[in-house]
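Under mature numbering (1 follows the signal peptide of the UniProt record, and there is no 0), the letters of the sequence shown match residues -26 to -1, 1 to 984, in that order.
Ideal Cβ positions, reconstructed from N, Cα and C, are used throughout, including at glycine.
All figures in this text were calculated on a predicted structure; none of them were measured in a lab.
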Amino acid sequence: MGSTSIPCLWITFCIHLCCFMDTGKAQNAKEVILLDSKAQQTELEWISYPPSGWEEISGLDENYTPIRTYQVCQVMEPNQNNWLRTSWIEKGDAQRIFVELKFTLRDCNSLPGVVGTCKETFNLYYQETDSEVGRNIRENQYVKIDTIAADESFTQGDLGERKMKLNTEVRIIGPLSRRGFYLAFQDVGACIALVSVKVYYKKCWSIIENLATFPDTVTGSEFSSLVEVEGMCVSDAEEEADNSPKMHCSAEGEWLVPIGKCICKAGFHQKGDACEPCGRGFYKSSSQDLQCSRCPAHSYNDREGSWRCDCEDGYYRGLSDPPSVACTRPPSAPQNLVYNINQTTVSLEWSPPADTGGRNDVTYRIMCRRCSWEPEECVPCGGNVGYSPQQAGLVDTYVSVVDLLAHANYTFEVEAVNGVSDLSRTQRLFAAVSIATSQATPSQVSEVIKERVQQRSIQLSWQEPEQPNGVITEYEIKYYEKDQKDRIYSTVKSRSTSATVNNLKPSTAYVFQIRAFTAAGYGTYGPRLEVTTKEEASATIVSSEQNPVIIIAVVAVAGTIILVFMVFGFIIGRRHCGYSKADQEGDEELYFQCTKTYIDPETYEDPNRAVHQFAKELDASCIKIERVIGAGEFGEVCSGRMKLPGKRDMSVAIKTLKVGYSEKQRRDFLCEASIMGQFDHPNVVHLEGVVTRGKPVMIVIEYMENGSLDAFLRKHDGQFTVIQLVGMLRGIAAGMRYLSDMGYVHRDLAARNVLVNSNLVCKVSDFGLSRVIDDDPEAVYTTTGKMQDIMNLIFTPATDLHFTEQGGKIPVRWTAMEAIQYRKFTSASDVWSYGIVMWEVMSYGERPYWDMSNQDVIKAIEEGYRLPAPMDCPPGLHQLMLDCWQKDRADRPKFDQIVGILDKMIRNPNTLKTPVGTCTRPISPLLDQSTPDFTTFRSVGEWLEAIKMERYRDNFTAAGYSSLDSVARMSIEDVMSLGISLVGHQKKIMSSIQTMRAQMLHLHGTGIQV
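This is how it looks when you write it as structure tokens:
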């Protein structure tokens, strides 16, 4: 048998023992098996090279079923290179392939005389091909996957004790691009038995979700990729409007983030994952309805899948009636019709019909006919007859008919109608009455003439009416001031066709109407005539004498009203909250301040109680996810719509918790909601609510259309005025004042953590590092324990982080000195961060401290380095930044002071030009204190080296800028023409040139324009 016979026998015996001990695993429903050597009972016939290396043998599994395995144990001879290649494996649609190996391995220490030649590992390779390539093995064509080592090896003693176990290792290859591949195993001198090889890929199996079928879907090529899949509605279902069904297949073969849905069509209802037709006697009128409904009263159907029910004979459904309304019929005739006649005017009254037909939209219409003295000879009254309030569509049970002819016979019919009267083919039902009119009143006085207009009187004349209908005994003139309309009017009588109206006001417009009177009564007023009296010479004097009295009276009344409201408002306000004053430059700003205090959710014994106390629980059906816009630590971030009962739908952002979360992940995920739910301020991002009783678990916040402030400013570089930028800063300061008043430290205030909505309102967000402040103003917080873990998770990118000795992470460029050195986080450290945000805003999102390393930033700050004013930044704003960067935190302004200063700048833009700070100690920016004197440099190269821009030395030389005088005259366009494309470098160079100009002008009087 040779020198290797005994080790080989040990391996063979091991296979039988190990197979008995391998209990096996159920096939994962997400896996598609491409190769499973354990499932093949015939010979595998894999290629072994050299032939004396790997050997195929038979074994038994735990069910005593024969299996084929490979073993090799060439441990006595050095420099082993034994290869084993599988048959060709076609990959199908897969891009990421999983390889599961089960094997046993002999401990080299248990083999005597093999020191230096025995190994305890082997290598795994693969080769991609579009078809089989024959039986030759060329090592250089294979790609190494990994070196495989055993977790447990066996010895000779293990054989007797029968306690050996299989090693199981899984490796991933991909993405693959060809039709198939080979696997190869390289032995370099180990004693090993390859018990089974399983090759598979993962897919999301087809499912029905929200009445949509999603087909089998192969996972993506990357571990973090999500494959979006369009769903197809099941039979008799349709897509919800503008909400097509979609799902995302994860890399683990799980369906995630269902978006949209299908709904059963009209006439069908959902039962499980299918749509079934409504039964006989039932209907469903719209796909939006959830269930089928029984046919309403006086309707029926005798077929399945109906969207409406037909009306019984004699019953109807109106054109605007929904299918859910019962069928109805026309009403009966009105009752108790009575009339009253006054010459040529008839008043009719009646009672409602006894039967309304089952509807509540009953109205009435009047039919008028004028009849001759012969019966059955009647004609419609025509358009000369008037109806008050109207002829048809009457809601009340009365009407007046006017302008009838005198001494004539009329017939009136009153019909009750409803929404189905015009559909009915039955005879109309109405109440009727016949009336004879008496003498008529005169017709209108149609033409009025103004004869003479004075300061206090107007003389009018007119013609007799065309139809006097008798002897006119007098006329009535009605008049009123135009501004008063006809609410207050006067009358004058006249027996002739002219009259003079006296006691009028000068310079006043009046309206006149005239009517005639006979034995039959007054006629109707004629058309309106507008006349303005003449001005009076003394009107100005009278007015000037009366004005002071009127003004004093108005001022006194207004002052009394204002005083009453101020006292009342102060009393009411004091009952719940207080007022605070912020004194800035002698002015007082009064703002309302309640005493609400932030409560740290971690102080709750049950974190779920904090969530339900501070966050509103929403019904998952009110949230509609529209699209995935990102991926967070705990799951996907989506945008969508929220529609609460009785309110308009609104755009929201939705954070979802991924499937398979742990209880700790759920608590950490909802912790942010417990924090945000305590805030209610227009400059702090608003929490709409949470979904904790459904899946997925969600946090719903207001949607900020323009995203983060830094990216928004970079996108719109140079497009805003200074006042607009100050307005944004004022909003951020107001939000921070609110948080500070609640006893809240943000710890990570930066432009990236400020969101902007469509109205350019800035709102503070991202409360991952915020913590409560005790009443002690010296209270500080350190990054230890759980807090440190949170920091390690939150802050990105790494280039903005400084790893402290204690292991936490701090965003160095935005953090105050004492917070970096001693972990002292207070509202004063937030003020420092706010100063950096001011610099970011005024520089349109430029990176603070440019490309300096974090260590250089820390060192520079300790030495007094402060950021210079951004290009075109007013001195007043830069001085406020410097105040925020005072070394002693007690010298920094409070947020209420910052809000007051910014308000004054907005009200009076001239203050932007004058530095007005809050601190008494002087502080110098980098270019005033730490920047060298540019006038001392001898060359352009020295200047560029001093500002760390020496990389552009050749650009300046090639353009002919050989002296500092020529450089000092450069504009931003000149800098850009040199090929300097980075905006941050452009601004840094221009800031240095501006300082150079100022130094030259001050020291040498060169006459360069600043």
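The continuous beta strand (DSSP E) containing ILE147 extends over residues 141 to 147. Between the region 950 to 966 and the region 812 to 828, the count of Cβ pairs shorter than 8 Å is three or higher; the stretches touch. Under the three-state reduction of DSSP output, GLY604 falls in the strand class.
In this structure, LYS220 sits near GLY205, with a CB-CB distance shorter than 8 Å.
Taken through DSSP and simplified to helix, strand or coil, TYR116 comes out as coil. Taking the CA atoms as reference points, ARG912 sits about 30 Å from PRO849. Cα atoms of GLY809 and TRP824: separation of roughly 16 Å, rounded to the nearest angstrom.
DSSP links PRO354 through a beta bridge to ARG343. Just so you know, the alpha carbons of GLU510 and ASP370 end up roughly 51 Å apart. 8 Å or more divides the Cβ of ARG80 from the Cβ of PHE159. Here DSSP, grouped into helix, strand and coil, assigns GLY874 to helix.
Just so you know, the alpha carbons of ALA13 and LYS598 end up roughly 47 Å apart.
Where ILE675 is concerned, the enclosing beta strand (DSSP E) starts and stops at 672 to 676. Looking at the DSSP output, THR95 shares a beta bridge with ALA123. From the listed residues VAL728, PHE155, LEU75, the smallest Cα separation to THR103 is found for PHE155.
Residues TYR463, SER464, VAL475, TYR484, VAL485, PHE486 of the same chain have their beta carbon placed closer than 7 Å to that of TYR453, with the five preceding and five following residues left out of the count.
Within a 10 Å sphere around the beta-carbon of LEU85 sit 16 or more other beta-carbons, which makes this residue buried. Cβ atoms of LYS479 and GLN428 stay farther apart than 8 Å, at about 12 Å. If you check the CB distance, CYS238 and GLY255 do not come in under 8 Å. Across the structure, GLY360 and SER298 are spaced so that their CA atoms are roughly 40 Å apart. In the three-state DSSP reduction, VAL957 falls in the helix class (H, G or I). For GLN265, there is no enclosing alpha helix (DSSP H), as DSSP gives it neither H nor E.
Where ASP161 is concerned, the enclosing beta strand (DSSP E) starts and stops at 154 to 161. With a cutoff of 8 Å on beta-carbon distance, TYR338 and VAL376 are scored as not near each other. With respect to LEU938, ARG927 sits apart: the two C-beta atoms are not nearer than 8 Å. At a Cβ-Cβ threshold of 8 Å, PRO439 and ALA366 do not count as neighbours. Counting the other Cβ atoms within 10 Å of the Cβ of GLU646 gives 16 or more, which makes it buried. Here THR318 is buried. Its C-beta has 16 or more other C-beta atoms within 10 Å. Straight-line measurement puts the Cα of SER105 at about 52 Å from the Cα of PHE686. Counting the other Cβ atoms within 10 Å of the Cβ of ILE432 gives 16 or more, which makes it buried. About 7 Å separates the CB atoms of ASP295 and GLY393; that is less than 8 Å, so the two are in contact.
Judged by beta-carbon spacing, CYS252 lies beyond the 8 Å limit of CYS236, meaning their Cβ atoms are not closer than that value.
Beta-bridge partners assigned by DSSP to PHE128: ARG80. 8 Å or more divides the Cβ of VAL192 from the Cβ of TYR174. A straight line joining the alpha-carbon of ALA834 with that of GLY934 spans about 34 Å. Listed in chain order, the non-local C-beta contacts of SER408 below 6 Å within the same chain comprise THR385, local neighbours out to five positions each way being set aside.
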